[in-house]
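I have placed the structure first, in the form of structure tokens, so that the comments after it can refer back to it.
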Amino acid sequence: MSCRLRRSQQQQQLQQQLCQDQTWKLVSDDSGRREAELVEVASTVVEDLGTVETGPARAKLKEYPLTTFGLQRRSFQQKWFETFDWLEYSASRNAAFCFACRLFGKQVSRVNKDVITSSVGFSNWKRALDSFREHDSSSGHKASMLAWKTYKASLSHGSVVERMHVANVDQIIERREYLRRITAVVSFLGKQGLTFRGHDEKESSDNQGNFLEMMKFLEEFDPFLQSYTPPAHSTYLSSGSQNEMIQCCAEEVTASIIKEMKHSKMYAVMADEARDGHVEQLAVCVRYVGYENTVKESFLELTSLKSFDAHSITEAIEEVLKSKGLEDLQCVAQAYDGASVMSGAVRGVQAQFRVKHPEAVYVHCYAHELNLVLCHTCRAVPEAIDFFDTLESVYCFFSVSLVNHQSFSDMPKALGLEKSELVQLSKTRWACQLKSVTAVIANLPALLKSLTELTSTTTAIGLLSKLSRLSNVYMLVMFKALLSTTEGLHKYLQKEDVDLAQATWYKDAVLETLRSMRTEEMAEKFYNQAKEILEANHLSETPAPGGSQKRKQKRLDDYVVESTTGTRAYVSTLDKIRNHIFYPCLDRMLSNGYALHIQKKGCAQLSTERMLACLEDNVKDVF
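Numbering follows full-length UniProt numbering, with no gaps: position 353 of the sequence shown is 353.
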């Protein structure tokens, strides 16, 4: 019952909408148009005759007026009403009329054309029956009778046009329900970032792609989809229809973002380019304050780049903003990466963009800067370079070969350890150094055991030797502690609601924590932890030296050579590790960290109240 009620309400609403929009111009049928015309005719011809509402006027009198025909006097007979259902009688004129022909007739019968269907009526009672029968069999009368019956049927069941209109409304409602389900699938796949189409979308295919398979899935549980069969030319399941609906959804989302941005009146633009196949694409995003005074970051558009110079990139950004109607809003900031084409102060994108938007302060991504600090630290000290190269080699060794990967995957279970995967190092993947170091420490027993079983290859022998070195185990412990200290700042700088004052305090807290770690006690602590790891894995502290020492090259005769050439001296004692590894890595991290200026020149000055609030909310050692 509730479903019928909802459907009836939808029909009424749709009918009202169609009438208000004036998009449907219904042409009334013949009976409906005649109704207005015939009422007017009936009111002007004979007052006591029937109308379309009352039907034929059948005055049943005890005696009807007599009319003299020669020597006989005749009158209208009441029994004629039973023979002819269309017959009606006017007492005021003492005449008979055909109700159907009078109100619904288009053609006047050639028989008695000036009497029975006229305003005068028929009163020749001597020839009444013959005239009535002749009129009843005429084609014009039959057409009038059909029109009359059609009109009476329309009163109870609705006219043909009305019934067609109701059927059309039902069809519109069904198609809207059908499209509503298709749109829901499009929105779901877009929200989840899933592909729409499959490699083979034929009916015989086992997998027609996410979109078509999702429609099949809904049909299993949706009675409407089970009963509804869309027209063959309007299934809306083709790739073109999918693209059109995706574009419609994108336009609706973009319109909502633009509306909220215009309410904010100010925004910041963020852009970054990346290669997709053989096409360079520029992603343009915006940052603004929403309706509830919350900071929001939204994606606007992905546009193709024809050239990679600063002028072309600037024009692409300007074109996106103009196409969205944002040229009149105030852009107060711009954020890109640190590439010279983007960050150049003279001819870079940020400089050219400020020509039209002088208030747009350029801000390099702080999280990106911090990642560069960590990458430079890991590549500044020779021992650190060898260490991270070893980690990358370990990842490649167990990832490329299926046999090696299977050996490593089975080892944690055999040793009673929790299984975890190794992490690949990357300059662009943030915080990957910490994840890689943590994964190697957690899987070190399994790695050593697997490499021992795979010593038939020289690569496995070399990696086993490197992972068994005290210096490398020391750097595992050291970098885990150092990188863990910066992890909190790294995550905070990636938040949408990052606060400039808060970020400044976090950075200072991280640097002070790192500075407090630069002690001999901390170096010795890491050294002892490394020795414990070696002992737990039954490894010797100092492996036996192998190979012969290379001869000094002639070009170095004028120099004092304190170590072998071509190879790096092995560092094993605490003093050497502290002086060659711990202090250089920590000092480089501190120096690069101090160069990380979160407060840029030209940024809005922080209020004293805001700085004091941050001071109250934070403790010094938050990491």
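We put the CB at the ideal spot given by N, CA and C, even for glycine. Predicted model only: the values in this text are computed from it and were never measured.
Per the Cβ contact rule, the region 323-330 is in contact with the region 257-272 (3 or more Cβ pairs under 8 Å).
Between S591 and the set F387, Y151, A380 and F397, the nearest pair of CA atoms involves A380. Residue range S239 to S264 is occupied by the alpha helix (DSSP H) that includes A255. Taking the Cα positions, A446 is about 20 Å away from L425. With respect to F582, M478 sits close: the two C-beta atoms are nearer than 9 Å. Judged by their CB atoms, A59 and A91 are nearer to each other than the 9 Å cut-off. Measuring C-alpha to C-alpha distances from H368 to each of V284, K306 and K495 identifies K495 as the nearest. E318 has its alpha-carbon roughly 10 Å from the corresponding atom of V269. Distance from the CA atom of F387 to the CA atom of E252, rounded to whole angstroms, is 51 Å. Under DSSP, no beta-bridge partner is assigned to A345.
F196 carries a coil assignment under DSSP once its states are collapsed to helix, strand and coil. In the three-state scheme derived from DSSP, where H, G and I count as helix and E and B as strand, C98 is classed as strand. Residue environment for K419: exposed (fewer than 16 other C-beta atoms within 10 angstroms of its C-beta). Within its own chain, the residues whose Cβ lies closer than 8 Å to the Cβ of M517, once the five positions on either side in sequence are excluded, are A481, L482, T485 and L586, listed in chain order. One Cα belongs to M261, the other to Y291, and the distance between them is close to 9 Å. Put simply, of G593, S234, S450 and E487 the residue whose alpha carbon is nearest the alpha carbon of H376 is G593. Taking a contact to require three or more Cβ pairs closer than 8 Å, the region 211-229 and the region 274-289 do not qualify as touching.
Listed in chain order, the non-local C-beta contacts of I258 below 8 Å within the same chain comprise K324, G325 and L326, local neighbours out to five positions each way being set aside.
Between N472 and the set F196, C101, L534 and E521, the nearest pair of CA atoms involves L534. Around the CB of S144, 16 or more other CB atoms lie within 10 Å, so the residue is classed as buried.
One thing to note: E301 has its Cβ within 9 Å of the Cβ of V320.
The C-alpha of L574 lies about 30 Å from the C-alpha of G488.
Pairwise C-beta distances place the region 307-314 in contact with the region 341-349, as three or more of them are shorter than 8 Å. Between Y395 and S436, the C-beta spacing is below 9 Å. The beta carbons of I182 and M245 sit about 7 Å from each other, so the pair counts as a contact at 8 Å. Around the C-beta of C98, 16 or more other C-beta atoms lie within 10 Å, and the residue is accordingly described as buried.
W148 is not a Cβ neighbour of Q77, given a cutoff of 9 Å.
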